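Read through the structure below, which is laid out as structure tokens, and then see the notes.
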Amino acid sequence: MKIAMISNNSIPVPPSEYGGTQREIYYLTEELVRSGHEVILFAKKGSIAKATATYVYPYDDKRKQLEFIMRHIPKDVDIIHDHCGLVAKSNPPIPTIRSYHGARKAIHVQIPVYVSKTILQKYGENEGYYLHNGIRLTDYRFRQKKKNYLLYIGRIEPMKGVHLAIEVAKKTGLKLLIAGPYDHNKVQKKYFNEVISPQLNKQIRYIGSVGGEEKQVLLSKARCVLFPSVWDEPFGIVMIEALACGTPVLGFQDGGAVPEVLHGLPQLICRNTKDMVTKVLNPSAFPSAHQCRQYVEYHYSERVMVDKALSLYRKILKGNHYKIYPDSEWNNLAAKRGWL
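Heads up, the final residue of the sequence shown is numbered 407 in the working numbering, and it's a clean run with no missing numbers.
Written out as structure tokens, the structure is:
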């Protein structure tokens, strides 16, 4: 099968630090190629995923990016997997699916694909499909023996519940390391300066955004990772990254897809911060490091993700779910440019 994989022009594939969507594109691309398929990747300059062919955007303008894709996409592509919406909304004459990595309803696309069943049901109203994220286990350092600190890793913003991680740390008396970026917009800056920063001390430390080796060390050595999201988390890739390192992760039952992702490890799902504190103080109830990693291998490895992606591609192609519109934006632009 020949697949066109569409990323955006903001973060390379894979990202050096933060960028969950681009990391998923990376794993999907390389595992598809390893499985004998051809992947044509359109992405930001600096992308090093081992695709069959990679085209880097020479423009920031989205209309020009679309034209760039139209000029370079092979005519014999079987399906387009669009992760940013650039192509899907133009309705090309090639079956196209649009992956949504956030918690919102798909608009102006024929075949939306969400990253969890939870988001498909709540926001997609069961129109479309879902495809769980996956990771490459060999990219994550496994460690059985842990150190006595808690770890929060993710964006620093209210809906991620960083303040709740701090509350848990204070009530348990354990050291908490907070790692992740925060944008300097008004809301996030105010949250960091007024809510997080005043609580930082020797016990509770903010260490900035991390990636690569530093992230591996932090994840693999933590007593547990706290994932106290208080919004409709679309998936929560940090959870499976922690588990792949053999590190348990605690999240809330009302945290969007958290209970879906952790369905096989129910002892890690918390009702509230009080419950989270109780679980942190009772690590003997955690699954073992080997059980954590095995859980990811069985449910969220890149192999599992790609097998499900291929099943979805074949279903779309076989079922004639995608409609071709002669007067689509793609076809009209192609006619205007003389590319038909």
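Where is the CB? At the ideal position from N, CA and C, for every residue including glycine. These figures come from a predicted structure and were not determined experimentally.
How long is the line joining the alpha carbons of S157 and V229, rounded to whole angstroms?
As a first step, residue 157 is located in the sequence shown; it is residue number 90 there, counting from the start. As a first step, residue 229 is located in the sequence shown; it is residue number 162 there, counting from the start. Using only the alpha carbons, I get a separation of about 39 Å.
If we ignore side chains and look at the alpha-carbon of each, how far apart do E192 and G240 end up?
As a first step, residue 192 must be located in the sequence shown, where it is residue number 125. As a first step, residue 240 must be located in the sequence shown, where it is residue number 173. About 43 Å.
Euclidean distance between Cα positions of S114 and Q89
Against the sequence shown, residue 114 aligns to sequence position 47. Against the sequence shown, residue 89 aligns to sequence position 22. Straight-line Cα distance between these residues: approximately 9 Å.
Roughly how many angstroms separate the alpha carbons of Y249 and Y167, rounded to a whole number?
The residue labelled residue 249 in the question sits at position 182 within the sequence shown. The residue labelled residue 167 in the question sits at position 100 within the sequence shown. Their backbone Cα atoms lie some 22 Å apart in a straight line.
T185 and E327: beta carbons closer than 8 Å?
As a working mapping, residue 185 is identified with position 118 in the sequence shown. As a working mapping, residue 327 is identified with position 260 in the sequence shown. It is a contact, given that the beta carbons lie within the stated cut-off.
Check the C-beta distance from I136 over to V154 and give it rounded, since I have them as a contact under 8 Å.
For this step, residue 136 is matched to residue 69 along the sequence shown. For this step, residue 154 is matched to residue 87 along the sequence shown. The pair is a contact, with the Cβ atoms about 6 Å apart (cut-off 8 Å).
As a quick exercise: from V363, C291 and L377, pick the residue whose alpha carbon is nearest that of L348.
Here residue 348 refers to the residue found at position 281 when the sequence shown is read from its first residue. Per the Cα distances, C291.
Alpha carbon of I336 to alpha carbon of L379, nearest angstrom:
Here the question's residue 336 lines up with position 269 in the sequence shown. Here the question's residue 379 lines up with position 312 in the sequence shown. A straight-line Cα-Cα distance of about 29 Å links I336 and L379.
Looking at the strands, I want to know which residues DSSP matches up with K69.
In the sequence shown, residue 69 corresponds to position 2, counting from 1. Paired residues: E105.
According to the Cβ coordinates, are L332 and Y365 closer than 8 Å?
The sequence position of residue 332 within the sequence shown is 265, counting from 1. The sequence position of residue 365 within the sequence shown is 298, counting from 1. Cβ distance not < 8 Å, so L332 and Y365 don't count as in contact.
6 Å Cβ shell around F302 - same chain, five flanking residues per side excluded
The sequence position of residue 302 within the sequence shown is 235, counting from 1. Closer than 6 Å at the Cβ level, and outside the excluded window around F302, lie V182, S183, N200 and A324.
From V80 to G152, what distance separates their C-alpha atoms?
Within the sequence shown, the letter at position 13 stands for residue 80. Within the sequence shown, the letter at position 85 stands for residue 152. Roughly 17 Å between the two C-alpha positions.
Under 8 Å by Cβ, that's how I've got M68 and T96 pegged, so tell me the actual separation to the nearest angstrom.
Here residue 68 refers to the residue found at position 1 when the sequence shown is read from its first residue. Here residue 96 refers to the residue found at position 29 when the sequence shown is read from its first residue. Under the criterion of beta carbons closer than 8 Å, M68 and T96 do not qualify as touching, at roughly 13 Å.
If we ignore side chains and look at the alpha-carbon of each, how far apart do V176 and T314 end up?
Stepping through the sequence shown from its first residue, residue 176 is reached at position 109. Stepping through the sequence shown from its first residue, residue 314 is reached at position 247. Computed Cα separation, rounded: 38 Å.
When we look at the beta-carbon of K403 and count the other beta-carbons within 10 Å, is it buried (16 or more) or exposed?
Position 336 of the sequence shown, counted from the first residue, corresponds to residue 403. Counting every other CB atom within 10 Å of its CB across the protein chains shown gives K403 a total below 16, marking it as exposed.
For the putative contact between L267 and F294, defined by C-beta atoms under 8 Å, what is the C-beta separation to the nearest angstrom?
Position 200 of the sequence shown holds residue 267. Position 227 of the sequence shown holds residue 294. Their Cβ separation, rounded to whole angstroms, is 20 Å, which puts L267 and F294 out of contact at 8 Å.
Give the single residue among E224, Q188 and D206 whose Cα lies nearest to the Cα of K253.
Along the sequence shown, one-based indexing puts residue 253 at 186. The alpha carbon of K253 has as its nearest neighbour, out of E224, Q188 and D206, the alpha carbon of E224.
Hey, I174 and I140: beta-carbon distance below 8 Å or not?
By 1-based counting over the sequence shown, the position of residue 174 is 107. By 1-based counting over the sequence shown, the position of residue 140 is 73. Cβ atoms of I174 and I140: not closer than 8 Å.
Rounded to the nearest angstrom, what separates K288 and A376 at their Cα positions?
What you label residue 288 is simply residue 221 of the sequence shown in a count that begins at 1. What you label residue 376 is simply residue 309 of the sequence shown in a count that begins at 1. Those two C-alpha atoms are separated by around 32 Å.
So, under 8 Å CB-CB, D149 and R130 are touching, yes? Tell me the CB distance rounded to an integer number of Å.
Position 82 of the sequence shown, counted from the start, is the residue given in the question as residue 149. Position 63 of the sequence shown, counted from the start, is the residue given in the question as residue 130. Contact doesn't hold; Cβ gap of about 15 Å is too wide.
Just how far apart, CA to CA, sit I274 and V262?
One-based indexing of the sequence shown puts residue 274 at position 207. One-based indexing of the sequence shown puts residue 262 at position 195. Each residue's alpha carbon lies about 16 Å from the other.
What do you reckon, are the CB atoms on C411 and R222 nearer than 8 Å?
The chain is shown only over 68 to 407; residue 411 falls outside these bounds and no answer can be derived.
Can you tell me which of the three DSSP states I92 falls into?
To locate residue 92, count along the sequence shown from 1; it is residue 25. If DSSP states are grouped into helix, strand and coil, I92 belongs with the helices.
Residues near Y93 by beta carbon distance below 6 Å, same chain, minus five either side:
On the sequence shown, position 26 is the one that residue 93 refers to. Leaving aside the five residues that flank Y93 on each side, the residues in its chain whose CB is nearer than 6 Å to its CB run, in chain order, V80, P81 and A116.
Cα-Cα, which of K346, S395 and F319 is closest to H330?
Here residue 330 is taken as the residue at index 263 of the sequence shown, counted from 1. Nearest Cα to H330 within the set K346, S395 and F319: F319.
Pick from E134, L310, K189 and D143 that is closest to E300, judged by C-alpha positions:
Working through the sequence shown from its first residue, we reach residue 300 at position 233. When E134, L310, K189 and D143 are compared, the shortest CA-CA separation from E300 is found for K189.
For Q283, I'd like the list of residues in its chain whose CB is within less than 8 Å of its CB, leaving aside the five on either flank, ordered along the chain.
Reading the sequence shown from its first residue, position 216 is the one you call residue 283. The residues are Y207, R208 and C312.
Helix, strand or coil for P141, going by three-state DSSP, please let me know.
Within the sequence shown, numbered from 1, the residue matching residue 141 stands at position 74. In the structure shown, P141 sits in coil (DSSP, three-state: anything other than H, G, I, E or B).
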